[in-house]
Amino acid sequence: MNTYAYARVSARDQNLQRQITAFIEYGIDKSRIFSDRKSGKDFERKEYKKLIGKLKSGDLLVIKSIDRLGRNYDQIITEWSHITNSVGADILVLDMPLLDTRTKTDTLVGKFISDIVLQVLSFVAENERANIRERQADGIRIARENGVKFGRPRKEYSDEFIMIATNYIKKRMPLKTALRLSGIKQDNFFYHIRQIKQLIN
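When we follow the working numbering, the leftmost residue of the sequence shown carries the number 58, and every step to the right adds one.
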């Protein structure tokens with residue numbers, strides 16, 4: 058049995074290191090950690106496909122949270138079923154210990170709870186993605202109504218960066234922490250904060 062891990066962030070200005078560190082602390086070898094910098098709207102991701110190609114029956118796939126697997130409700134459920142039923146591998150979600158397929162077959166109640174948690178979290182992941190896109194669209198519309206002209210398409214920010222920016226703007230997170238979590242330099246961080254303020258106010 059081999060243990061693999063998968064990390065994902067949505068944009069180039071996001072930091073994969075938090076997820077990778079969690080996997081290493083769990084005891085997973087770096088050579089078995091796969092990562093993508095791509096949207097979670099579908100599973101057309103280079104490293105993810107490599108990982109799935111390596112997974113065998115009895116292996117374990119570890120992810121940090123369900124939204125790192127994906128953001129589309131139906132696709133998450135389908136992919137989860139493919140890995141656990143067709144491939145025969147197990148999945149562990151570090152941030153949600155109830156989502157551990159190695160234990161869900163112990164009892165009928167355990168399987169029932171695990172399936173419900175998976176469906177709820179998958180729905181939340183997709184709903185959060187839709188809300189972020191809606192806020193971005195509203196921000197662009199409001200800016201245009203106020204005479205702002207866009208010389209090029211507005212940058213599409215990941216949900217993680219918007220969360221960090223929101224906590225920083227609302228003084229729930231110090232600058233040092235925000236810079237560490239976002240993985241970008243201070244000047245660049247302030248630039249993007251100005252760009253997205255109108256999306257989260």
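Glycine included, each C-beta is placed from N, C-alpha and C at the ideal position. Here the structure is a predicted model, which is why all the values come from computation and not from measurement.
Tell me which residue opens and which closes the alpha helix (DSSP H) that residue i is part of.
| i | result |
| --- | --- |
| L117 | Not the alpha helix (DSSP H): L117 falls in the beta strand (DSSP E), residues L117 to I120. |
| T78 | Q74 to Y83 |
| S138 | Y130 to S138 |
| R229 | Neither: R229 is in no alpha helix (DSSP H) and is coded neither H nor E. |
Where does residue i fall in DSSP's three states?
| i | result |
| --- | --- |
| F100 | coil |
| L149 | strand |
| A235 | helix |
| P210 | Note on P210: pLDDT 49, under 50, position unreliable in the model; the coordinate value appears next. The answer is coil: DSSP assigns P210 none of H, G, I, E or B. |
| T158 | coil |
| D86 | coil |
| S92 | strand |
| K113 | coil |
| K242 | coil |
Please list, in chain order, all residues of the same chain as residue i whose beta carbon is under 7 Å from its beta carbon, the five residues on each side excluded.
| i | result |
| --- | --- |
| L236 | Q243 and F246 |
| E104 | F91, S92 and D93 |
| K107 | F91 |
| K227 | none |
Evaluate residue i with the Cβ neighbour count: other Cβ atoms within 10 Å of its Cβ, from every protein chain shown; 16 or more gives buried, anything less gives exposed.
| i | result |
| --- | --- |
| D124 | buried |
| R102 | buried |
| S67 | buried |
| L232 | exposed |
| G97 | buried |
| T158 | buried |
| D216 | buried |
| F169 | Bear in mind that the predicted position of F169 carries a pLDDT of just 47, short of 50, making it unreliable; the figure below should be weighed with that in mind. By the neighbour-count rule (16 or more Cβ atoms within 10 Å), F169 is not buried but exposed. |
| I140 | buried |
Sorted by chain position, which residues of the same chain lie with C-beta nearer than 6 Å to residue i's C-beta, five sequence neighbours on each side aside?
| i | result |
| --- | --- |
| R65 | D93 and R125 |
Sorted by chain position, which residues of the same chain lie with C-beta nearer than 8 Å to residue i's C-beta, five sequence neighbours on each side aside?
| i | result |
| --- | --- |
| S114 | V144, G145 and A146 |
What are the boundary residues of the beta strand (DSSP E) that includes residue i?
| i | result |
| --- | --- |
| V66 | T60 to V66 |
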